[in-house]
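Read through the structure below, which is laid out as structure tokens, and then see the notes.
In UniProt numbering, the protein residues as written are 1 to 157.
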């Protein structure tokens, strides 16, 4: 195995590790929002398990194992910089598709589960009710002195 290939693997491993950490941070933030608003958060965890764990298992772990095996053979390569290494577009596209799919799945799951917390109005106390200003209502005529015809029921006749 050449040194260039090792640097390529090391660089791709670092990028994928950062993406897994970002996916976990996104999942954590969305979970906290659901918990604060007393929404169901377990389905979001299931979505994360269905997206982030396979991303980690199938895209990150093989590179990590390959990198560790190369470092066991060539310990002097461990300190090399990855700044000049080029990652093939096939590897980058696999990583990008998996990341975008995971983010879309997490956001869609969050959108389906999120219900904003209900804002309850303050119930006024008895003292506050007593101190309410008096409202004058001149628009409704008073019925004190007027005679209201009584409606006779059929049973009274």
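Glycine included, C-beta positions come from ideal geometry on N, C-alpha and C. Owing to the predicted nature of the structure, the values given are computational and were not obtained by experimental measurement.
- Item | Three-state secondary structure assigned by DSSP to residue 45 | DSSP places residue 45 in helix when its eight states are reduced to three.
- May I ask you to verify whether the region 109–129 touches the region 85–96, counting CB pairs closer than 8 Å and requiring at least 3? no
- Return helix, strand or coil for residue 101, following the three-state DSSP convention. helix
- Item | C-alpha distance - residue 7 paired with residue 113, whole-angstrom precision | 42 Å
- Task: Specify, as a first and last residue, the run of the alpha helix (DSSP H) that residue 72 falls within.
- Result: 61–73
- Query: Under 8 Å between the Cβ atoms of residue 17 and residue 106?
  - Reply: no
- Task: Output yes or no for whether 8 Å exceeds the beta carbon distance between residue 20 and residue 52.
- Result: yes
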